[in-house]
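Going left to right, the sequence shown walks through residues 1300 to 1357 as the working numbering numbers them.
Glycine residues also receive a C-beta, built at the ideal position from the N, C-alpha and C atoms.
Quick caveat, the model's predicted, so the values are computed rather than measured.
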Amino acid sequence: MNRIIQCSVNLLIIIIIIIIIISSSSSIAVIIIIIPVIIIIIIIIIIIIIIIIIIIII
């Protein structure tokens, strides 16, 4: 359980780092490439959180 939460935290930290990299570089191409990746990661985190909630309920 703690490992799942730690993975979620690590993913959030990675997203924050990616956002900082995007904001420091004004390249449109970089933004176009990374935005879908961020969306996918956010979806994965939401799925993980839902799974954690289901496990806690059960």
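{"Asked": "Residues in its own chain within less than 6 Å of Ile1344 by CB, not counting five upstream and five downstream?", "Found": "Ser1307, Leu1310"}
{"Asked": "Taking the CB atoms as reference points, tell me whether Ile1314 and Ile1350 lie closer together than 9 Å.", "Found": "no"}
{"Asked": "Output needed for Ile1303: all residues of its chain with C-beta closer than 7 Å, excluding positions within five of it in sequence on either side, in chain order.", "Found": "Ile1347, Ile1351"}
{"Asked": "Hey, how far is the Cα of Ala1316 from the Cα of Ser1323?", "Found": "A small fix is needed here, since residue 1316 is Ile in this sequence, not Ala. The alpha-carbon atoms of Ile1316 and Ser1323 are separated by roughly 11 Å."}
{"Asked": "Can you check whether the CB of Ile1321 is closer than 9 Å to the CB of Ile1333?", "Found": "yes"}
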